[in-house]
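Notes follow once the structure below has been shown.
Protein chains in written order, with this note's numbering: chain A, 1 to 325; chain B, 326 to 814.
Have a look at this one:
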């Protein structure tokens, strides 16, 4: 009997311990998550709410100091009535898809593969070179590109191509999209390059050595070992860079200002910026600009959800099986 | 030393060598020359200059700290704020004479920020309760700032300062909104048509024909259409390259409004709403479409936003006609042709006149004046002292010094007889252009109107749209953006 009581107490004690452990684990999880939660709340959720509220007003330079006047969804109606809205949306898709495909993921992967398959120090050096555009101040960086693609008789490109009989032209105006994508891509490629490089270097050497012993070619090793093992970094970079490109506009602003001509390279984020903060005569339409901005937030959230579902991010963040066992 | 250390040192050196040029102070002026072309990199200094003036205060008196904010291209436009600084002594002397124990201490903040950013800065500062006491800005900003309550209505205070009686009467119109006065004119200018004497000679014009061009323009004998024909002939004859027959500014700005005026357009009447006259706008779009897409006079890429190439192309003599501003003259001789003889070089190679009459439109020569005005912030605790300071800066001597240095026109009646002003060849020759002048509207809707109208200009010059299509787009844009605040007719 005494043994039984002792056993029940032990069970009860275990129950208490396990409940306490559970509470502690929950508190620990919340504790660890709280800094990020606070940051996301302060720098994302609250600004999004403010953005939405402003988008329902006619706030502008001429009534900035007055109490807010709510005008319902008028700004959104105005936005969708704008005949250039489809063109700007199309430009945004073109900009994101091409820059992402060719540079932020495509070139980044090529660079990571190349620099991890050559001498380690040489690889480090080339990666450093590819980081230069990212650490160069935006204005200086774009100024260099503008000089490269400048109009005749100027333009570094014109000088370089002249010996090959290529007629000089104003490259930036003739091929604006090429330069918009190059300028952004050369900066964007370095992010993926660093992530992919670290992922590739984390692949256990045993797999590569075993494959080589089995007679696998470099291409086979890349295709059958490297790429499948960096699947998650690939998906992460694709998602992150999509959202990043969607909201980036500073290089386009500095390079073409959305031109030449009629909204040729104008992207959504640039339009929002111009409406809210940048017209020649400085009449800022914060309410209208906020509506453009809020739609961009909706697009970003929608894309995030699609990426999370399609790429099954749950599997990426699930607990390692070794711990479960 | 190990290889790793060497690698680290080399990497650090590479990084430092890259960062240093970015941090270095911009070189004031660099001239690069090649056999083919000359490219001059202008002064690009944009740092904010903050200057404080200290003054003695009588016992029991009060030292009033005022802050003035100006946008000015260095060095020639710095008189905008520097003149206020120079007026501190006179203002304090006037206070002493009146037995007023207050004394003014002035802090100026002056840089060459972008107009849009400059305006936004003042609005945000105003809303944060940190507005400067005096701001010098474009008169059209009154259209936003007066209804927003950022600036002080000075209508009833202007009469207290006799210096303001000397201001040219018509310039006060630029300071008005809703029947009240919201500022004091600081400068004025004209926007002339510059012509290249050398290229006209190459085209076969005689010296007499060139010398008489400004008169012929003023009399309406040489029209806008004649200018385009001459430019086309120069392109065809190979005197200038295709697209270099005529240049206008490379981005949006006040100039394009006088095209609309020249075509017979009206933008304001008694009502609050702005007016958009389709006939006038269509004439402008047709003219620009023809010049870029059909006649090769104006480059379809002219609106590339690149001011450096614009100034360089003109001062190198590559272009036949240019629609610019009187202030460009000072900019060119101080920053672009200083090494080639400065102003003398300009007189030798270039001339100017009013913008020729558009025969198909209003058929009178035209130009546009865009006065900057000193405005007193509504947060200024001592608007009387701010106006006193402005009044002491509104003198023939200070304003003439500024006008000569910056290529702007005087704003005072007395300058017509003031020898330092009248003896300045450029100013005295530009002054008659004012009889053809027009202004921007002071309206909160002007910015949206201008953006929509400019959209049409961009689209026809790039060839994206035909003039009629551009007009439809602009009308639709105006109605969408401004609704009841624009009258389309």
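Beta carbons: idealized from backbone N, C-alpha and C, even for Gly.
Bear in mind the structure is a predicted one, so any value in this text is a computation, not a measurement.
Which residue marks the beginning of the beta strand (DSSP E) containing residue 519 of chain B, and which one marks its end? 518-521
How long is the line joining the alpha carbons of residue 274 of chain A and residue 266 of chain A, rounded to whole angstroms? 10 angstroms
Interface residues of chain B around residue 176 of chain A at Cβ under 8 angstroms? Chain B residues near residue 176 of chain A: none, gap ~10 angstroms exceeds 8 angstroms.
Thinking just about the alpha-carbon of each residue, which of A:27, A:246, A:270 and A:238 is nearest to the one in residue 257 of chain A? A:270
Of the residues B:539, B:617 and B:528, the one placed nearest residue 567 of chain B, counting alpha carbons only: B:617
At the 7 angstroms Cβ level, is residue 266 of chain A part of the contact set with chain B, yes or no? no
Assign residue 721 of chain B to one of two classes, buried (16 or more other C-beta atoms within 10 Å of its C-beta) or exposed (fewer than that). buried
Count the other CB atoms, across all protein chains shown, that sit within 10 Å of the CB of residue 306 of chain A; report buried if there are 16 or more and exposed otherwise. exposed
Cutoff 7 angstroms; reference residue 297 of chain B; Cβ partners in own chain excluding five residues on either side: Outside the shown range of chain B, which is 326 to 814, sits residue 297 of chain B, and nothing can be said about it.
Status (buried if at least 16 other CB within 10 Å, exposed otherwise) for residue 547 of chain B: buried
Kindly list the residues whose CB is nearer than 6 angstroms to the CB of residue 451 of chain B, restricted to its own chain and excluding five residues on each side of it in sequence; keep chain order. 475
Can you pull the chain B residues whose beta carbon is under 8 angstroms from the beta carbon of residue 78 of chain A, in chain order? 805 and 806
Using DSSP with H/G/I as helix, E/B as strand and the rest coil, what is residue 448 of chain B? helix
Do we get a CB-CB distance below 7 angstroms when we pair residue 201 of chain A with the residues of chain B? no
Among B:454, B:404, B:497 and B:493, which one has its Cα closest to the Cα of residue 467 of chain B? B:497
Once DSSP output is grouped into helix, strand and coil, what is the label at residue 479 of chain B? coil
So which of B:612, B:443, B:754 and B:725 has the shortest CA-CA distance to residue 543 of chain B? B:754
Kindly confirm or deny that the stretch 739-756 of chain B and the stretch 473-488 of chain B touch, where touching means at least three C-beta pairs closer than 8 angstroms. no
Contact between the stretch 204-222 of chain A and the stretch 132-152 of chain A: three or more CB pairs below 8 angstroms? no
Using a Cβ cut-off of 7 angstroms, pull out every chain B residue sitting near residue 62 of chain A, in sequence order please. 469, 472, 473 and 769
Relative to the C-alpha of residue 175 of chain A, which candidate in A:261, A:44 and A:20 has its C-alpha closest? A:261
Taking the C-alpha atoms as reference points, what is the distance between residue 564 of chain B and residue 667 of chain B? 24 angstroms
Can you name the residues that DSSP bridges to residue 699 of chain B? B:461 and B:509
The alpha helix (DSSP H) with residue 101 of chain A in it runs from where to where? It is not in any alpha helix (DSSP H) - residue 101 of chain A carries neither H nor E in the DSSP assignment.
Could one say the Cβ of residue 669 of chain B lies closer than 7 angstroms to chain A's Cβ atoms, at least one of them? no
Between B:690, B:716, B:762 and B:526, which has its C-alpha nearest residue 491 of chain B's C-alpha? B:716
Less than 7 angstroms between the beta carbons of residue 189 of chain A and residue 108 of chain A, yes or no? yes
Mind pulling the chain A residues with CB within less than 7 angstroms of residue 577 of chain B? 280
Do the stretch 688-700 of chain B and the stretch 506-520 of chain B make contact, defined as three or more Cβ pairs closer than 8 angstroms? yes
Over what stretch of residues does the beta strand (DSSP E) that includes residue 601 of chain B continue unbroken? 599-601
Assuming residue 719 of chain B and residue 488 of chain B form a contact by the criterion Cβ under 8 angstroms, report the distance between their Cβ atoms to the nearest whole angstrom. 5 angstroms
On the DSSP letters alone, give me the boundaries of the alpha helix (DSSP H) that residue 175 of chain A sits inside. First-last for residue 175 of chain A: undefined, no H or E at that position.
For residue 642 of chain B versus residue 523 of chain B, is the C-beta distance shorter than 7 angstroms? yes
Within 10 angstroms of its Cβ, does residue 684 of chain B collect 16 or more other Cβ (buried), or is it exposed? exposed
Buried or exposed for residue 298 of chain A, please, with buried defined as at least 16 other CB atoms from any protein chain shown within 10 angstroms of its CB. exposed
Starting from residue 392 of chain B, trace the beta strand (DSSP E) in both directions and tell me its first and last residue. 387-396
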